[in-house]
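Asks: To start, I am sharing the structure in question, which I have written as structure tokens.
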Amino acid sequence: MLDSQELEVTTDSSEAIEAIDRFGEAFLGYRKDAVAILDGIKADPDSVLARVLGAALFLFGETQLGRAEARENLDAARAGVSRANDRELAMLEAVEAWFLGDYETVMARHEDIAARWPRDLVSAKLGQYHAFNRGDSRRMAELSIRALEANPDRAYAHGMAAFGFEQTGDLQRAEEEGRLGTEMSEHEPWANHAVAHCLDAGGRLDEGVEWMHGLSQRWDDCNSFMYTHNWWHTALFHLDRGETDVSLDIYDRHLWPIEPTFAQDQIGAVSMLTRLEMRGVDVGDRWDAVAEYLLVRVDDQIEPFLDVQYLYGLARAGRDAAADQLMANIGACASSDQEFQRADWAEVVEPMARAVLAHARGKWAEAADGLAAVKGEIYRIGGSHAQRDLFNLLLLDSLVRGEDNEEAARVLQGRIRARISIPWHHQLLAKTYDRQGEYEQATAARQEGERKEMALTAWSGE
Ligand SMILES: [Fe+2]
Numbered sequence: 434m435l436d437s438q439e440l441e442v443t444t445d446s447s448e449a450i451e452a453i454d455r456f457g458e459a460f461l462g463y464r465k466d467a468v469a470i471l472d473g474i475k476a477d478p479d480s481v482l483a484r485v486l487g488a489a490l491f492l493f494g495e496t497q498l499g500r501a502e503a504r505e506n507l508d509a510a511r512a513g514v515s516r517a518n519d520r521e522l523a524m525l526e527a528v529e530a531w532f533l534g535d536y537e538t539v540m541a542r543h544e545d546i547a548a549r550w551p552r553d554l555v556s557a558k559l560g561q562y563h564a565f566n567r568g569d570s571r572r573m574a575e576l577s578i579r580a581l582e583a584n585p586d587r588a589y590a591h592g593m594a595a596f597g598f599e600q601t602g603d604l605q606r607a608e609e610e611g612r613l614g615t616e617m618s619e620h621e622p623w624a625n626h627a628v629a630h631c632l633d634a635g636g637r638l639d640e641g642v643e644w645m646h647g648l649s650q651r652w653d654d655c656n657s658f659m660y661t662h663n664w665w666h667t668a669l670f671h672l673d674r675g676e677t678d679v680s681l682d683i684y685d686r687h688l689w690p691i692e693p694t695f696a697q698d699q700i701g702a703v704s705m706l707t708r709l710e711m712r713g714v715d716v717g718d719r720w721d722a723v724a725e726y727l728l729v730r731v732d733d734q735i736e737p738f739l740d741v742q743y744l745y746g747l748a749r750a751g752r753d754a755a756a757d758q759l760m761a762n763i764g765a766c767a768s769s770d771q772e773f774q775r776a777d778w779a780e781v782v783e784p785m786a787r788a789v790l791a792h793a794r795g796k797w798a799e800a801a802d803g804l805a806a807v808k809g810e811i812y813r814i815g816g817s818h819a820q821r822d823l824f825n826l827l828l829l830d831s832l833v834r835g836e837d838n839e840e841a842a843r844v845l846q847g848r849i850r851a852r853i854s855i856p857w858h859h860q861l862l863a864k865t866y867d868r869q870g871e872y873e874q875a876t877a878a879r880q881e882g883e884r885k886e887m888a889l890t891a892w893s894g895e
């Protein structure tokens with residue numbers, strides 16, 4: 434039978450086809466009903482594609498808990514390969530490799546599918562997800578550009594390409610594609626999101642707020658990742674505008690708790706609380722509320738980008754035993770010689786995690802030295818530029834609080850060169866000049882901060 438992408442699926446169950454289509458739409462559009470694939474498995478337990486997508490659903494949880502169910506579905510799919518077509522077989526091999534952590538095979542299969550069945554956006558999107566998690570922006574962009582060439586009629590393809598362009602630094606094409614995807618469909622939150630990245634990277638704070646609030650009603654039927662992540666970007670614009678009260682309000686209404694057991698919601702909360710604290714906001718007992726849900730993450734070690742943020746959240750909430758155990762588990766990954774174990778754990782994650790933990794515990798010099806040492810390698814653990822900026826900010830905060838004023842000023846000057854519009858950077862620079870006794874430079878930086886503040890259009894609420 435043919436699915437809605439007009440690709441052949443080995444099944445004679447129209448219910449299975451419908452479920453595969455619903456999964457595809459949910460996955461590409463970040464809707465809530467990706468679990469529909471389980472109905473497809475029920476309708477046709479022998480459908481290799483339904484089984485493979487079911488395994489993907491469980492792996493997307495990014496926790497150890499889902500792996501057993503993913504394995505069961507992969508085994509069932511493997512048992513039926515004699516009936517599978519070539520595309521289904523390639524998808525099975527891709528998701529099996531995902532299960533093992535074999536990134537090269539994962540990407541080779543998705544790239545092969547993109548070449549032979551370019552209408553398969555679900556496969557391309559999966560490939561984009563994996564490349565994203567490895568900080569492999571070049572491969573991510575290549576895959577999504579190829580998908581766009583074959584699918585110019587689909588808004589999702591424009592959203593994917595937009596994000597690929599953004600992460601490779603081609604902000605102009607990224608913004609064009611993101612705006613086009615947003616125009617083409619009322620429901621393309623990933624395209625909305627890619628434009629937010631462009632506006633953020635350019636320090637275009639007024640436009641960012643206007644863009645995101647103007648689209649926010651479209652996210653109500655998104656899954657919790659997309660809903661909270663787009664609101665996270667919105668809160669980020671307000672933070673950079675100095676409107677910490679608005680960011681905190683967004684946190685309480687749209688970030689936490691939406692789906693508190695989901696990994697991506699958890700790291701979004703950790704990341705936002707950290708940034709709020711850096712700007713002097715008292716976040717009250719919010720760390721405790723998040724840490725309750727982080728305790729079960731101690732033994733995960735699925736994605737290092739997640740682990741380092743779980744670690745910070747646990748330590749900030751004073752969950753010291755759990756934080757120490759998670760740190761020990763990260764150390765064990767770093768010294769493991771298992772096949773496909775990422776070298777990143779040893780070369781990047783362990784030293785980075787130690788530094789992040791040091792910051793959470795107020796050891797500023799240790800945190801600054803540790804983060805400075807791995808700064809150029811952090812991209813390897815994935816996440817977007819905007820998400821990974823958390824670690825640049827932790828480094829900056831360590832320098833400021835540890836009173837390494839000269840280095841702090843150097844970092845701030847770099848941040849101002851990249852995004853001149855953010856008043857907070859100028860204010861913090863003034864503080865570091867004051868501490869160095871450079872009063873004239875401090876006054877100039879302070880006045881520049883005031884000018885940047887005046888240049889912003891006052892936010893009048895939603
Ligand atoms: Fe993002």
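Just so it is clear: in the sequence shown, position 254 is 687 by this note's numbering, and no numbers are missing.
Cβ coordinates follow ideal geometry from the N, Cα and C atoms, glycine included.
#1: Does ligand 1 have even one heavy atom less than 7 Å from the beta-carbon of A819?
#2: Leaving out five residues on either side along the sequence, give the residues of the same chain with a beta carbon under 7 Å from the beta carbon of E692.
#3: Return the chain-ordered list of same chain residues with a C-beta closer than 8 Å to the C-beta of F773, the five sequence neighbours on each side being excluded.
#4: Going by alpha carbons, who is nearest to A875 out of W892, D472 and L845?
#5: Is any heavy atom in ligand 1 found nearer than 7 Å to the beta carbon of H630?
#6: Ignore the nearest five residues each way along the sequence and tell me which others in R787's own chain have a CB closer than 6 Å to its CB.
#7: Between the alpha carbons of L739 and A755, how many angstroms are there, rounded?
#8: Identify which residue in T444, T443, D445 and Q438 has its Cα closest to the Cα of R455.
#9: State whether the stretch 803-814 contacts the stretch 562-570, with contact taken as three or more CB pairs (one from each stretch) at a distance under 8 Å.
#10: Evaluate L435 with the Cβ neighbour count: other Cβ atoms within 10 Å of its Cβ, from every protein chain shown; 16 or more gives buried, anything less gives exposed.
#11: Work out the CA separation of N625 and L492 for me, nearest whole Å.
#12: Could I get the ranges of all uninterrupted alpha helix (DSSP H) runs contained in the stretch 439-479, with 4 residues as the minimum, in chain order?
#13: According to DSSP, is L435 helix, strand or coil?
#14: By DSSP's criteria, L631 is part of a beta bridge. Which residues make up the other side?
#15: Where does M887 land, buried or exposed, given buried means 16+ other C-beta within 10 angstroms?
#16: Based on the DSSP secondary-structure assignment, which residues constitute the bridge partners of C655?
#17: Tell me the rounded alpha-carbon separation between L862 and R587.
#18: What residues in its chain sit with their C-beta under 8 Å from that of W892, if we drop five residues either side in the sequence?
#19: Hey, how far is the Cα of E485 from the Cα of A634?
#20: Excluding sequence positions up to five away, which residues of its chain have a Cβ less than 6 Å from the Cβ of K465?
#21: Would you decide whether D585 is buried or exposed? Buried here means 16 or more other CB atoms lie within 10 Å of its CB.
#22: In whole angstroms, what separates the C-alpha of M785 from that of V741?
#23: Let me check understanding here. Comparing Cα to Cα, which of R549, L747 and G597 lies closest to H818?
#24: Just to confirm, is the Cβ distance from L559 to H543 under 8 Å?
#25: Helix, strand or coil for H646 per DSSP?
#26: Among L525, A580, A527 and V539, which one has its Cα closest to the Cα of W550?
#27: When the Cβ atoms of the stretch 600-618 are set against those of the stretch 439-452, are three or more pairs found closer than 8 Å?
#28: Residues in the same chain with beta-carbon distance under 8 Å from Y684, minus the five sequence neighbours each way, listed in chain order, please.
#29: Is the beta carbon of L525 less than 8 Å from the beta carbon of A510?
#30: So what's I763 in DSSP terms, helix, strand or just coil?
#31: For the alpha helix (DSSP H) containing H818, name the first residue and the last one.
#32: Taking F565 as the reference, give the member of R686, G717 and E736 with the closest Cα.
#33: So is the beta-carbon of H626 under 7 Å away from any non-hydrogen atom of ligand 1?
#34: Could you check what DSSP says for W892 in three-state terms: helix, strand or coil?
#35: Only counting the same chain, and skipping five residues up and downstream in sequence, which positions put a Cβ closer than 6 Å to that of R429?
#36: Thinking C-alpha only, which one of A765, W652, K864 and D508 is nearest D733?
Replies: On the basis of the coordinates in this document:
#1: yes
#2: S657 and D698
#3: L533, G534, D535 and Y536
#4: L845
#5: yes
#6: G803
#7: 15 Å
#8: Q438
#9: yes
#10: exposed
#11: 25 Å
#12: 447-462 and 470-476
#13: strand
#14: The displayed chain sequence assigns Cys, not Leu, to residue 631. DSSP, once it has assigned bridges, lists no residue as partnering C631.
#15: exposed
#16: R464
#17: 46 Å
#18: V642, H671, R674, E676 and V679
#19: Contrary to the premise, residue 485 reads as Val rather than Glu in this sequence. V485 and A634: Cα-Cα distance of roughly 37 Å.
#20: N656
#21: Per the sequence shown, residue 585 should be read as Pro rather than Asp. That one is exposed.
#22: 8 Å
#23: G597
#24: yes
#25: helix
#26: A580
#27: no
#28: A668, A702, M705, L706, L709 and R719
#29: yes
#30: helix
#31: H818 to R834
#32: E736
#33: yes
#34: coil
#35: The chain is shown from 434 up to 895; residue 429 falls before or after that span and cannot be answered.
#36: A765
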